[in-house]
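J.:
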Amino acid sequence: MPSGEDTAALAAMPISNPSDRASRRSVTASKLLWSRGLELEELQLKLAKMQGLLGDLRRAASRSG
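Using the UniProt record's numbering, count along the sequence shown one by one with no gaps and you end on 65.
(1) To the nearest angstrom, how far is it from the Cα of Glu41 to the Cα of Leu57?
(2) Report all residues from its chain with a CB closer than 7 Å to the CB of Ser26; omit the five preceding and five following residues, and keep chain order.
(3) Closer than 7 Å by C-beta to Pro49: which residues in its own chain qualify, once you throw out the five before and the five after it? Chain order, please.
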């Protein structure tokens with residue numbers, strides 16, 4: 001998966017054929033969407049971990065008090 005810099009470089013390349021330009025734009029958009037999807041998956045995993053830790057904290061607090 002390309003980085004944001006790679007994607008920006010692809011988008012900045014001069015393209016003379018309008019159909020090539022549209023194709024490049026579509027590819028760039030797809031890569032950006034894929035990247036955002038991966039970021040969302042990572043955030044969901046972090047959220048699940050935090051929810052588990054919060055549950056552990058609640059259980060520990062209810063036992064002690």
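In this text, a Cβ means the ideal position worked out from N, Cα and C, and glycines have one as well.
T.: In short, the structure shows the following:
(1) One-based indexing of the sequence shown puts residue 41 at position 41. One-based indexing of the sequence shown puts residue 57 at position 57. Taking the straight line from one Cα to the other gives about 24 Å.
(2) Along the sequence shown, one-based indexing puts residue 26 at 26. Once the five neighbours on either side are set aside, Ser26 has no close Cβ partner at all.
(3) Looking up residue 49 in the sequence shown gives position 49. Rather than Pro, the amino acid found at residue 49 in this sequence is Lys. Hits under 7 Å: none found.
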